[in-house]
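Student: If you read the sequence shown in my numbering, its first letter stands for residue 685, the second for the next number, and so on.
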Amino acid sequence: MKGNSVNKLSNIEFRQHKEKHISTNIDGLNTSLSNTINEIEEDELKPLARTVQDSSESLNTAISNIKYRDYCIIEHLNNIVDTESKRKYKVYIRYIMLFMIMWVIIAMFIIIAVVYLPMHN
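This is how it looks when you write it as structure tokens:
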């Protein structure tokens, strides 16, 4: 389970790395489109440039939604890993308690054998 979670985390981190590069490229395109729109004088090309810029902005929105979804998935996987480690910790505490109770019972038998039985013989 833990190895699978680590693989999922590394895949998501790889995707985030790719998305960061795509986002950087799109930001560069947005900047150049804004500059181009300001430079365009003809009325026919302005609507086309605006449409391209709107498409670019919607693509940016989609990428930010994907980043948020990946963040939620990473948080969920981290919670799963934390829960698994807490379960193991609780199991170890149970074993330690059982071991201590076992020694208390053995000590009681030794006390009975050494103190109580010789008094009544």
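All C-beta atoms in this analysis are idealised placements derived from N, C-alpha and C, irrespective of residue type, glycine included. The structure presented is a predicted model; accordingly, all values stated were derived computationally and were not measured.
What is the rounded straight-line gap between the Cα of M786 and the Cα of R699?
Tutor: For this step, residue 786 is matched to residue 102 along the sequence shown. For this step, residue 699 is matched to residue 15 along the sequence shown. Distance between the alpha carbons of M786 and R699 is about 52 angstroms.
Student: Tell me which same chain residues have a C-beta within less than 8 angstroms of the C-beta of M685, skipping the five on either side of it?
Tutor: Residue 685 sits at position 1 when you count from the first residue of the sequence shown. Caution is warranted here: a pLDDT of 48 is assigned to M685, below 50, making its placement in the model unreliable, and the coordinate value is therefore given only provisionally. Exclusion of the five residues before and after M685 leaves I764, E768 as the residues of its chain whose Cβ lies within less than 8 angstroms of its Cβ.
Student: Which full runs of the alpha helix (DSSP H) of 4+ residues lie inside the segment 775-805, going along the chain?
Tutor: Taking only runs of at least 4 residues, the alpha helix (DSSP H) segments lying wholly in the segment 775-805 are 801-804.
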